[in-house]
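Residue numbers (our numbering): 2 to 62.
Even for Gly, the Cβ is constructed at its ideal location relative to N, Cα and C.
The next block holds one structure in the form of structure tokens; read it before the comments.
Below, the structure is given as structure tokens:
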């Protein structure tokens, strides 16, 4: 199976995507954890969290 110069085969694309997703996940998970902690702290301080705001917006719509 030949492909154009500089192009990727399906297998190479899958491999690159897998590595990219692994790196992306490794970066994203700590960010999500920090966001959850911030939301908890804001809740204690009496702020409306993004999740609550989102559900209220959905109820309005």
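Coarse secondary structure for residue i, derived from DSSP in three states
{"i": "residue 26", "result": "helix"}
{"i": "residue 1", "result": "Nothing in the structure corresponds to residue 1, since the chain is present only between 2 and 62."}
{"i": "residue 36", "result": "helix"}
Under 9 angstroms between C-beta atoms of residue i and residue j
{"i": "residue 9", "j": "residue 17", "result": "yes"}
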